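Trainee: In the UniProt record's numbering, the protein residues as written are 1 to 120.
1. Cutting at 7 Å between CB atoms, please list the residues of its own chain near residue 119, excluding the five before and the five after it.
2. If you draw a straight line from the alpha carbon of residue 3 to that of residue 21, how long is it in whole angstroms?
3. Which residue comes first and which comes last in the alpha helix (DSSP H) that contains residue 58?
4. Distance check for residue 64 and residue 90, CA to CA, integer angstroms please.
5. At which residue ranges does the segment 46 to 114 contain complete alpha helix (DSSP H) runs of 4 or more residues, listed in the order of the chain?
6. According to DSSP, is residue 25 part of a helix, a strand, or is it coil?
7. Which residues share a DSSP beta bridge with residue 38?
8. In the DSSP assignment, what residue or residues form a beta bridge with residue 31?
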C-alpha cells in the first residue's frame with residue numbers, strides 16, 4: 001500500500017481513491033453532514049451513519065448533503081429502508097441533497113412520509 005492509500009485508509013469513513021465519504025455530526029441540530037460520494041465502496045460508512053440516525057431520540061434528524069457529489073441507487077435504497085424503519089412520527093430531513101437522490105426517491109419511494117427534502 002502506498003503512502004496516499006495509507007493516509008486515506010486511516011481517515012474516518014474514508015476509502016481508497018475510488019470513493020470517499022466523510023460524515024461529521026452537525027453542531028447545531030441532531031444529525032450529520034456528509035461530504036463525498038455514496039456508492040458501493042462508501043456504503044458501509046453510509047449505513048453506519050443511518051443506523052446511528054435511527055437510534056437518536058429526536059423527532060426530526062437532519063442530513064446535510066450539499067457536499068455530496070454522487071448517490072447511487074443502493075445508497076438511496078439504504079436511506080429509504082432506514083426511513084421506513086423509523087417509529088411513527090419520526091422523519092429524516094435531507095438538506096440540499098444531490099438532484100439525482102431526489103429523483104430516485106420520487107421514482108422508487110414516492111410515498112415515503114418519513115423523508116423530507118429541503119432544497120434551500
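Virtual Cβ for every residue (Gly too), placed ideally from N, Cα, C. Since the model is a prediction, treat every value here as computed from it, not as a measurement.
Mentor: According to the data block:
1. As a first step, residue 119 is located in the chain shown; it is residue number 119 there, counting from the start. Same-chain partners within the cutoff: 96.
2. Numbered from its first residue, the chain shown carries residue 3 at position 3. Numbered from its first residue, the chain shown carries residue 21 at position 21. With a pLDDT of 38 at residue 3, under the threshold of 50, the predicted position of this residue should be treated as unreliable, though the coordinate-derived value follows. Looking at the two C-alpha atoms, the distance is approximately 19 Å.
3. Locating residue 58 in the chain shown gives position 58, where the first residue counts as 1. No alpha helix (DSSP H) contains residue 58, which DSSP labels as neither H nor E.
4. Stepping through the chain shown from its first residue, residue 90 is reached at position 90. Stepping through the chain shown from its first residue, residue 64 is reached at position 64. Taking the straight line from one Cα to the other gives about 17 Å.
5. 73 to 84, 99 to 108
6. Locating residue 25 in the chain shown gives position 25, where the first residue counts as 1. The answer is strand: DSSP assigns residue 25 an E or B state.
7. Counting from 1 along the chain shown, the entry for residue 38 is found at position 38. Beta-bridge pairing links residue 38 to 71.
8. What you label residue 31 is simply residue 31 of the chain shown in a count that begins at 1. DSSP lists 62 as partners of residue 31.
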